[in-house]
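In order, the protein sequence lines correspond to chains V and U.
With positions in the first sequence counted from 1, the corresponding number in our numbering is that position plus 883.
With positions in the second sequence counted from 1, the corresponding number in our numbering is that position plus 1489.
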Amino acid sequence: MPILEVQNIVKRFGTAEVLKGVSFSLEQGDSLAIIGSSGSGKTTLLRCLNFLEQANEGRIIVRGETLFDASDHILYNDQSIRRKRLHFGLVFQAFHLFPQYTALKNITLARELMAREQADFKQNKKEILEGIQQRGLNLLDQVGLADKRDFYPHQLSGGQQQRVAIARALAMNPDILCFDEPTSALDPELTDEVLRVIRGLAEKNTTMVIVTHEMHFARRVADKVLFMDEGTVVEYGTPEAVFDHPSSERTRRFLERYSEDA
Amino acid sequence: MGFWNVTLRLLEGFQNTCLIFALTLVLALPLGLAVAFGSMSRLAPLRYLTKTFVWIIRGVPLMLQIFIIYFVPRIVFQISFIPRFSSVIVAFTINYACYFSEIYRGGIENISRSQFEAGQVLGMTKSQIFFRVILLQVVKRILAPMSNEIITLVKDTALARVIVVAEIIKVAYEFAATDALIWPLFYTGVFYLAFVGILTLLFGYFEKKLDYFRA
Ligand SMILES: Nc1ncnc2c1ncn2[C@@H]1O[C@H](COP(=O)(O)OP(=O)(O)OP(=O)(O)O)[C@@H](O)[C@H]1O
Ligand SMILES: [Mg+2]
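This is how it looks when you write it as structure tokens:
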């Protein structure tokens, strides 16, 4: 059973149809790279997965459980959306760390707030918070920033901030971790440290959906590549299939443009 | 009139000045937040109504608002038992709530949607996001414009005398008009400068306190 099934997602803003029936599925432990030119709807797709936007049509199914079905016509309340979106994590292009908290606190804050809802929080407060703290430290270590635990975001480089943001998303143990152009806001010399962390996650079989313009990275790291154009899935397959033997003319033209730039 | 006598009388006036200042602040700070949420509401009628109200209040002189709030109940509704002092507080509170609301709105709208969404994707509730993530950033951002507005309030309290509330300048004016004493007028300046000086130090302290992060 695939861990994620996206079925026929349609998203309109007013009269503009930005996603025109996007479908794909993803196996547990696989990483999917989504490529496509600017305005093709990649960010919108990730936002629909994370319930920051509600799709007008289609279904989102995780581990066989239907999280979202537009034909239900229910108005999802805050509480139920909160539960559902925890299946996903999202790393933003511009990090969006919380500026008033240290690197470590950025990672632990949401977990701590969530822990208060546990029935045994009052009795086991100390152990629970220590556990969260320890997990936060492990995550900082995993992204190579153990020595920066008490730094505030503005004291970190862009690459370091993005690595904290990745650790922050991982802290919620999402089934599927999404990245929206995680290196686009970084100076070229800082992209490698972030890509290395993501590659590390791929090696540990973290299920990921990565929107990226880094074609070399997509080819080397992703198990599947999806090419989007004007709100539709034009090509979907292994990196070899998409990059070396694209079946559509549109994909070929897009890739040519990229290899010229590179 | 001796120095101490004048000082004591001026202090009485200054008490009213401080009371107008403190009450306005305590009432207008939260009311302003409510007005700010109204002007950012998703309900279009509420939003337009609030914005029009704010536009009117900020567009006409505070002195006129004091007169209206003082005279309308008395003349139109024949209610005469409302103390002058309450009329002043009502007028000041409404006026300052509108000014504060614009400052809040600027602060909240500018904390980009993205901070809100960053909290949402981590499964935080709306109130957790507001209180744990947004609020302190808003406070930091509005501190400077707020301190300007609050210092203006200190000086605006003098307007209370237009409906014969005895704040400090009115007291000094009486000395000049009836006793031909000019120096009490200058002396009131010392009170204002001391008050504003303390506020400036206080705001400087808060700004320093929030200096540890960038928002
Ligand atoms: N909230 C919105 N309201 C109206 N239109 C929107 C909104 N969000 C996105 N769009 C439009 O949807 C289209 C797709 O946008 P999207 O951000 O998903 O593209 P993208 O593939 O992520 O592009 P890029 O590579 O530049 O990030 C664009 O034409 C954009 O203008
Ligand atoms: Mg985008």
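Ideal placement from N, C-alpha and C gives every residue a C-beta, glycine not left out.
Quick caveat, the model's predicted, so the values are computed rather than measured.
Three-state secondary structure (DSSP) of residue i
| i | result |
| --- | --- |
| Asp955/V | helix |
| Val1495/U | helix |
| Met1055/V | coil |
| Gln1554/U | helix |
| Ala1002/V | coil |
| Ala899/V | strand |
| Asp1030/V | helix |
| Thr1513/U | helix |
| Lys1540/U | helix |
| Met884/V | coil |
| Thr1089/V | coil |
| Ser906/V | strand |
| Thr1095/V | coil |
| Asp1063/V | strand |
| Ala1101/V | helix |
| Arg1018/V | helix |
| Val1116/V | strand |
| Thr949/V | strand |
| Ser1040/V | coil |
Any non-hydrogen atom of ligand 2 closer than 7 Å to residue i Cβ
| i | result |
| --- | --- |
| Lys925/V | yes |
| Glu1064/V | yes |
Cβ neighbour criterion (16 or more within 10 Å) applied to residue i
| i | result |
| --- | --- |
| Lys1629/U | buried |
| His1099/V | exposed |
| Val1543/U | buried |
| Glu1656/U | buried |
| Gly1596/U | buried |
| Glu1501/U | exposed |
| Tyr1035/V | buried |
| Pro1550/U | exposed |
| Tyr1537/U | exposed |
| Ile1583/U | buried |
| Arg1135/V | exposed |
| Asn933/V | buried |
| Lys894/V | buried |
| His979/V | buried |
| Asn1088/V | exposed |
| Pro1534/U | exposed |
| Met997/V | buried |
| Leu1674/U | exposed |
| Thr1074/V | buried |
Cβ-heavy atom distance, residue i to ligand 1, below 7 Å
| i | result |
| --- | --- |
| Val1092/V | no |
| Leu901/V | Going by the sequence as given, residue 901/V is Val instead of Leu. Yes. |
| Gly922/V | yes |
| Gly919/V | yes |
| Phe907/V | no |
| Phe1684/U | no |
| Phe1605/U | no |
| Phe1110/V | no |
| Phe975/V | no |
| Phe896/V | yes |
| said: Contact between the region 1627-1646 of chain U and the region 1496-1510 of chain U is defined here as three or more beta-carbon pairs at a separation below 8 Å; is this criterion met? | reply: As far as the Cβ criterion goes, the region 1627-1646 of chain U touches the region 1496-1510 of chain U, which means the pair count is three or higher.
| field | Validate contact between the region 946-959 of chain V and the region 1011-1029 of chain V using beta carbons, cut 8 Å, 3 pairs | value | no
| task | Note down, in chain order, all residues in the region 1031-1043 of chain V with a beta-carbon under 7 Å from any beta-carbon belonging to chain U. | result | Tyr1035 and His1037
| query | Does the pairing of the region 937-950 of chain V with the region 1029-1042 of chain V give three or more beta-carbon distances under 8 Å? | reply | no
| query | Do the region 908-915 of chain V and the region 1102-1120 of chain V meet, that is, are 3 or more Cβ pairs less than 8 Å apart? | reply | yes
| Can at least three beta-carbon pairs, one atom from the region 888-908 of chain V and one from the region 918-932 of chain V, be found at a separation below 8 Å? | yes
| task | Give the residues from the region 1590-1616 of chain U that approach chain V closer than 9 Å (Cβ to any Cβ), ordered along the chain. | result | Ser1601, Ser1603, Gln1604, Glu1606, Ala1607, Gly1608, Gln1609, Val1610, Leu1611, Gly1612, Met1613, Thr1614 and Lys1615
| field | the region 969-984 of chain V in contact with the region 1054-1070 of chain V per 3-pair CB rule at 8 Å | value | yes
| query | If we count Cβ pairs, one from each stretch, closer than 8 Å, do we get three or more for the region 1079-1096 of chain V versus the region 915-924 of chain V? | reply | yes
| Short-range partners of chain V found in the region 1672-1704 of chain U, where Cβ spacing is below 9 Å | Leu1699, Tyr1701, Phe1702, Arg1703 and Ala1704
| message | Residues of the region 1623-1636 of chain U in Cβ contact with chain V at a cutoff of 9 Å, in chain order, please. | response | Leu1625, Gln1626 and Lys1629
| message | Under 7 Å, CB to CB, which of the residues in the region 1088-1105 of chain V have a partner in chain U? | response | Of all residues in the region 1088-1105 of chain V, none places a beta-carbon less than 7 Å from a beta-carbon of chain U.
| field | Contact between the region 1047-1054 of chain V and the region 975-992 of chain V (3+ Cβ pairs under 8 Å) | value | yes
| message | Check whether the region 1037-1045 of chain V and the region 1002-1014 of chain V are in contact - that is, three or more C-beta pairs closer than 8 Å. | response | Too few Cβ pairs lie closer than 8 Å, so no.
| task | Residues of the region 978-1011 of chain V with a CB closer than 9 Å to any CB of chain U: list them in chain order, please. | result | Phe978, His979, Leu980, Phe981, Pro982, Gln983, Tyr984, Leu992, Ala993, Arg994, Leu996 and Met997
| query | Which of the residues in the region 930-964 of chain V, read from start to end, lie with their CB under 7 Å from any CB of chain U? | reply | Asn933, Leu935 and Asp961
| Going along the chain, which residues of the region 1524-1536 of chain U sit with their C-beta nearer than 8 Å to a C-beta in chain V? | none
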